[in-house]
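In the working numbering, the protein residues as written are 1 to 414. Each residue gets a CB set at the ideal place from its N, CA and C atoms; glycine is no exception.
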């Protein structure tokens, strides 16, 4: 092995959507012709007369492209972004079969081995991961921050999607996609002003979701959720559809309503199980509550169209009173994170409750028609609130919370 050298490059991985289904009934020769035709179109869009862009078809419907980056030549840095947009626009227009792509920039090693040139580096794994995450976020392309900032004329169309850490990486990647007329569900005649408003709200929401040290913004899922809902409502007005990447983040917050230390370090927890083909929505209840509810009850609720509305997330600050003695009961609370103090009607401390515990349910299992205790947040608190009406509507939930209450007040066995 000889002539080993290092250079900066952007690595792009592409993958055809639905390849297996499209080729299921084809003969081998038909598949050959189909793939060659596809890759010729793809190469023409990616290389676009650029002689030093390396385009390599692989694994049938996939491809790897390497764009050399030269800091002294700004055009070399914008090429990957321009190529990605050309591919996305061609897919959207039906000129190219639907194709997902991921781009990540960084150092790669090149080495000559016999008559072959080999490339090494973690940029390939990162780009492949971004391509895979296109399916999770329901977007055509995902790019890293450097590529998203490469062309000032296009920066206004860049939208933050999230922060993730691929395998074998020691730092997270801030991931972006492109919202512009003709892409991402945006009509060609969409109002530029309204599109810019959506992008501004969405990016502000993602700053609160991921945190932005340079702006002095810490993770705040409560603020992020409110802004994401606002962004999605605007997108729906503009396009008639929900913004699926936004829905993904909203679902994520429903499942993990407060960022943990691992999130601050590594970003989103995205497992293989998250890539559900059944649609955007999966269950968003914490594991402990799901176990308490039990599979049969969960299945019953899941089959009911209204089940997701039963558990409403709320964020409370330290010192905030959640329940006041003497008021009529209207809800039950499950503690997702944080802790509360319980006081009796004379303001004497009864005890504290923490993550995974329930409060507010006692009145529903007694003859009392008024609350008999105060409940105050001791820390930053996230709760899931179940309204009294919904609680009464589902006997299964009454049984579950009755069991939880009995477990809490039953003295431990010797």
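- For residue 202, collect the residues of the same chain with a Cβ closer than 6 Å to its Cβ; drop the 5 residues on either side in sequence, then sort them by chain order. Take residue 202, set aside five residues on each side of it, and the residues of its chain with a beta-carbon closer than 6 Å to its own are 159 and 231, in chain order.
- Message: Could you check whether residue 337 and residue 385 sit closer than 8 Å to each other, using their CB atoms as the reference points?
- Response: no
- Query: If you draw a straight line from the alpha carbon of residue 32 to that of residue 21, how long is it in whole angstroms?
  - Reply: 15 Å
- Item | Best match in 366, 195 and 132 for proximity to residue 101 [C-alpha to C-alpha] | 132
- Task: Identify the continuous beta strand (DSSP E) that holds residue 152 and give its terminal residues.
- Result: That residue, residue 152, is in no beta strand (DSSP E); it is neither H nor E in DSSP.
- Where do the ends of the beta strand (DSSP E) carrying residue 123 lie? From DSSP, residue 123 is part of no beta strand (DSSP E) but of the alpha helix (DSSP H) over 123-137.
- Item | Extent of the continuous alpha helix (DSSP H) to which residue 258 belongs | Run containing residue 258: none; DSSP gives neither H nor E here.
- Task: Pull up the distance between the alpha-carbon of residue 136 and that of residue 71, whole angstroms please.
- Result: 33 Å
- Does the distance from the C-beta atom of residue 221 to that of residue 257 stay below 8 Å? Judged by beta-carbon spacing, residue 257 lies within the 8 Å limit of residue 221, meaning their Cβ atoms are closer than that value.
- Item | Proximity below 8 Å, CB of residue 67 to CB of residue 80 | yes
- Task: Pick helix, strand or coil for residue 280, following the three-state DSSP scheme.
- Result: In this prediction, residue 280 scores a pLDDT of 38, lower than 50, which makes its location untrustworthy; no coordinate-derived value is stated.
- Message: Using a Cβ-Cβ cutoff of less than 8 Å, which residues in the same chain neighbour residue 262 once the five nearest sequence positions on both sides are dropped?
- Response: Here the set comprises 269.
- Query: From 390, 340 and 225, pick the residue whose C-alpha is nearest to that of residue 329; which is it?
  - Reply: 390
- Looking at C-alpha atoms only, which residue of 73, 78, 83 and 74 is the closest neighbour of residue 65? 83
- Per DSSP, the bridge partner or partners of residue 264: Residue 264 is not bridged to any residue.
- Please name the residue, chosen from 10, 53, 35 and 61, that lies closest to residue 16 on a Cα-to-Cα basis. Comparing Cα-Cα distances from residue 16 to each of 10, 53, 35 and 61, the minimum goes to 61.
- Message: Distance check for residue 227 and residue 354, CA to CA, integer angstroms please.
- Response: 28 Å
- Which residues in the same chain as residue 204 place their Cβ atom closer than 6 Å to its Cβ, once the five residues preceding and following it in sequence are excluded? Closer than 6 Å at the Cβ level, and outside the excluded window around residue 204, lie 227.
- DSSP three-state call for residue 158: helix, strand or coil? strand
- Distance, residue 356 Cα to residue 322 Cα: 17 Å
- Looking only at C-alpha atoms, which of 114, 144 and 366 sits nearest to residue 175? 144
- Message: For the segment 232-239 against the segment 181-191, do three or more pairs of beta-carbon atoms, one drawn from each stretch, fall closer than 8 Å, so that the two count as touching?
- Response: Touching, per the Cβ criterion.
- Query: Taking the C-alpha atoms as reference points, what is the distance between residue 247 and residue 195?
  - Reply: C-alpha of residue 247 to C-alpha of residue 195: approximately 18 Å in a straight line.
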